[in-house]
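Chains A and B, in that order, give the protein sequences.
Numbering of the first sequence is given in the working numbering, commencing with residue 40 and proceeding in unit increments.
Numbering of the second sequence is given in the working numbering, commencing with residue 887 and proceeding in unit increments.
By construction, the Cβ of each residue, glycine as well, lies at the ideal position given by its N, Cα and C atoms.
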Amino acid sequence: MNAHRGKIVALAIATAVAAATLVVAADGRSGPSPSELDPSAFAWVRPSALPPGWTAQRLPNSPARLPTPSGWHPSRGDAGTRTTIVKGPDGRIAGYLNATPRQGEESTASWDSFRVDHNRDEGERRVRLLASATGLRFRSGSGSCVLDSYVTTSGHRYREVACIVAGRTETTVVVGAAPPRGWDAKAPAIERAIDSFTT
Amino acid sequence: MLTFQIKRLAAVFAIVGLIGGGATSVALAGHHRHHHHHHSGIPQHNGGDHDADNNGGPSDGDGNI
Numbered sequence: 040m041n042a043h044r045g046k047i048v049a050l051a052i053a054t055a056v057a058a059a060t061l062v063v064a065a066d067g068r069s070g071p072s073p074s075e076l077d078p079s080a081f082a083w084v085r086p087s088a089l090p091p092g093w094t095a096q097r098l099p100n101s102p103a104r105l106p107t108p109s110g111w112h113p114s115r116g117d118a119g120t121r122t123t124i125v126k127g128p129d130g131r132i133a134g135y136l137n138a139t140p141r142q143g144e145e146s147t148a149s150w151d152s153f154r155v156d157h158n159r160d161e162g163e164r165r166v167r168l169l170a171s172a173t174g175l176r177f178r179s180g181s182g183s184c185v186l187d188s189y190v191t192t193s194g195h196r197y198r199e200v201a202c203i204v205a206g207r208t209e210t211t212v213v214v215g216a217a218p219p220r221g222w223d224a225k226a227p228a229i230e231r232a233i234d235s236f237t238t
Numbered sequence: 887m888l889t890f891q892i893k894r895l896a897a898v899f900a901i902v903g904l905i906g907g908g909a910t911s912v913a914l915a916g917h918h919r920h921h922h923h924h925h926s927g928i929p930q931h932n933g934g935d936h937d938a939d940n941n942g943g944p945s946d947g948d949g950n951i
């Protein structure tokens, strides 16, 4: 009888294990969190002071400050935001930084899907998420970042790093972008700006 | 003895249910993704707002269009 009872228990345990395995398999995830894609792409994110010679533009009604690299200049943007750019010899934007207070449903938890969806909603084409990470540490809080590329409806291609940073009182989005061909040249300034960004 | 075995079996299946149910809850939580869709149709080329991407520039950080 004990052997019979043992078989029943063993069968039940095997059923439990199989059920749990099926559920996990159906979930389709066996690797890192779906909110992260090649998070090592953000190994450069390290809180750092504003580099010498740089300035910072304070956002209206917000403690956030957008770093402005040497040689970059403030540019027009939406009310309540700050933008700084540098142009290339052809007069086109070669580097772009923007800080915007959180306005909608964007959050650190859903940042990767939000940003990609948002870019598509704005009419950008060929939007490609290249990397994303959460739980990144910034000077004044923690946040999430994406690296993606897209083509605007006016036919301009850009690669961007877009981060949402939750500070003590404010949550702000900081974006750095450059044409893909000029990315390697502008990425150091963009990354340094994001590293020294505060909100 | 038969009653005891039935109770034992019921307890085991209850555990199975808890494991399965718990795993399902985790799976559902993992699938909770943000889906954000705006379709305001603001024309580009500076037709609707002054965002940089409507003027040949990159997309800014706004959460709206």
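### Query
Can you tell me whether DSSP reads Gly165(A) as helix, strand or coil?
In the first sequence, the residue the question calls residue 165(A) occupies position 126. Looking at the sequence provided, one finds Arg at residue 165(A) rather than Gly. Strand.
### Residue range of the beta strand (DSSP E) that includes Pro78(A)
Here residue 78(A) is taken as the residue at index 39 of the first sequence, counted from 1. Premise fails: Pro78(A) is in no beta strand (DSSP E) and is neither H nor E.
#### Entry: Rounded straight-line distance, which links the Cα of Leu175(A) to that of Leu168(A)
Sequence index remark: in the first sequence, residue 168(A) carries index 129 (1-based). Sequence index remark: in the first sequence, residue 175(A) carries index 136 (1-based). Each residue's Cα considered, the two are about 18 angstroms apart.
### Query
Does DSSP put Ser149(A) in a helix, a strand or coil?
Within the first sequence, the letter at position 110 stands for residue 149(A). Coil at Ser149(A), not helix or strand.
### Query
When we look at the beta-carbon of Pro140(A) and count the other beta-carbons within 10 Å, is it buried (16 or more) or exposed?
Locating residue 140(A) in the first sequence gives position 101, where the first residue counts as 1. With 16 or more Cβ atoms within 10 Å of its Cβ, Pro140(A) is classed as buried.
### Query
Quick one: Cα of Ala224(A) to Cα of Trp111(A), how far?
By one-based count along the first sequence, residue 224(A) stands at place 185. By one-based count along the first sequence, residue 111(A) stands at place 72. Approximately 14 angstroms between the Cα atoms of the pair.
### Message
Given this structure, state the Cα-to-Cα distance separating Arg196(A) from Arg104(A), to the nearest angstrom.
### Response
Translated into the one-based positions of the first sequence, residue 196(A) becomes position 157. Translated into the one-based positions of the first sequence, residue 104(A) becomes position 65. Inter-residue distance for Arg196(A) and Arg104(A) is about 27 angstroms (C-alpha atoms, whole angstroms).
### Same chain only: Cβ atoms within 6 angstroms of Thr123(A), ignoring 5 sequence neighbours per side
Working through the first sequence from its first residue, we reach residue 123(A) at position 84. Answer for Thr123(A): Thr107, Trp111, Pro113, Leu136, listed in chain order.
### Message
Does Glu209(A) come out as helix, strand or coil in the three-state DSSP assignment?
### Response
Working through the first sequence from its first residue, we reach residue 209(A) at position 170. Reduced to three states, the DSSP call for Glu209(A) is coil.
### Message
Bridge partners for Asn137(A) per DSSP, in chain order?
### Response
Taking the first sequence and counting its residues from 1, one reaches residue 137(A) at position 98. DSSP lists Thr122(A), Val214(A) as partners of Asn137(A).
### Task
Measure how close the beta-carbons of Arg198(A) and Gly180(A) come, nearest whole angstrom, since I'm counting them as under 8 angstroms.
For the purposes of this step, residue 198(A) is taken as residue 159 along the first sequence, with counting starting at 1. For the purposes of this step, residue 180(A) is taken as residue 141 along the first sequence, with counting starting at 1. The C-beta separation of Arg198(A) from Gly180(A) comes to about 25 angstroms, leaving the pair out of contact by the 8 angstroms criterion.
### Query
Nearest CA to the CA of Ala216(A): which residue from Ala205(A), Ile229(A), Val204(A), Thr210(A)?
Counting from one through the first sequence, the residue named residue 216(A) turns up at place 177. The option with the nearest alpha carbon to Ala216(A) is Ile229(A).
### Query
Is Ile229(A) close to chain B, meaning its C-beta is less than 7 angstroms from at least one C-beta of that chain?
Working through the first sequence from its first residue, we reach residue 229(A) at position 190. No, no contact with chain B.
### Task
Examine chain B for any beta-carbon lying closer than 7 angstroms to the beta-carbon of Ile132(A), and answer yes or no.
Mapped onto the first sequence, residue 132(A) falls at position 93. Judged by the 7 angstroms Cβ criterion, Ile132(A) is in contact with chain B.
### Task
Throw me the rounded Cβ distance for the Ser183(A) and Cys202(A) pair, which I believe falls under 8 angstroms.
Numbered from 1 along the first sequence, position 144 holds the residue referred to as residue 183(A). Numbered from 1 along the first sequence, position 163 holds the residue referred to as residue 202(A). About 7 angstroms separates the two Cβ atoms, so the contact holds.
### Query
Taking 7 angstroms as the CB-CB cut-off, is Ala170(A) touching chain B?
Your numbering for residue 170(A) matches position 131 in the first sequence. Between Ala170(A) and chain B, the shortest Cβ-Cβ separation is not below 7 angstroms.
### Message
Rounding to the nearest angstrom, what Cα-Cα distance links Arg234(A) and Leu89(A) in this structure?
### Response
Translated into the one-based positions of the first sequence, residue 234(A) becomes position 195. Translated into the one-based positions of the first sequence, residue 89(A) becomes position 50. The sequence given here has Asp at residue 234(A), not Arg. Rounded to whole angstroms, the separation of the alpha carbons of Leu89(A) and Asp234(A) is 8 angstroms.
### Query
Alpha carbon to alpha carbon, what distance is there between Trp93(A) and Asp160(A)?
The sequence position of residue 160(A) within the first sequence is 121, counting from 1. The sequence position of residue 93(A) within the first sequence is 54, counting from 1. The C-alpha of Trp93(A) is placed about 34 angstroms away from the C-alpha of Asp160(A).
### Query
Tell me which same chain residues have a C-beta within less than 7 angstroms of the C-beta of Val190(A), skipping the five on either side of it?
The residue given as residue 190(A) occupies position 151 in the first sequence. Once the five neighbours on either side are set aside, the close Cβ partners of Val190(A) are Glu163, Arg164, Arg165, Arg196.
### Message
Let me confirm a value: Gly143(A) is counted as buried when at least 16 other C-beta atoms fall within 10 Å, else exposed. Which label applies?
### Response
Position 104 of the first sequence, counting from 1, holds the residue named residue 143(A). With fewer than 16 other Cβ atoms within 10 Å, it is exposed.
### Task
Give the range of the alpha helix (DSSP H) segment to which Ala228(A) is assigned.
Indexing the first sequence from 1 puts residue 228(A) at position 189. Membership of Ala228(A) in the alpha helix (DSSP H) is indicated by the continuous run 222-234.
### Query
chain B beta carbons: is any one of them nearer than 7 angstroms to that of Val212(A)?
Within the first sequence, numbered from 1, the residue matching residue 212(A) stands at position 173. The beta carbon of Val212(A) sits closer than 7 angstroms to some beta carbon of chain B.
### Query
Just how far apart, CA to CA, sit Thr173(A) and Glu145(A)?
Within the first sequence, residue 173(A) is the residue found at index 134, counting from 1. Within the first sequence, residue 145(A) is the residue found at index 106, counting from 1. Rounded to whole angstroms, Thr173(A) and Glu145(A) show a C-alpha spacing of 13 angstroms.
#### Entry: Cβ-Cβ distance between Gln96(A) and Arg121(A) below 7 angstroms
Position 57 of the first sequence, counted from the first residue, corresponds to residue 96(A). Position 82 of the first sequence, counted from the first residue, corresponds to residue 121(A). At the C-beta level, Gln96(A) and Arg121(A) come within 7 angstroms of one another.
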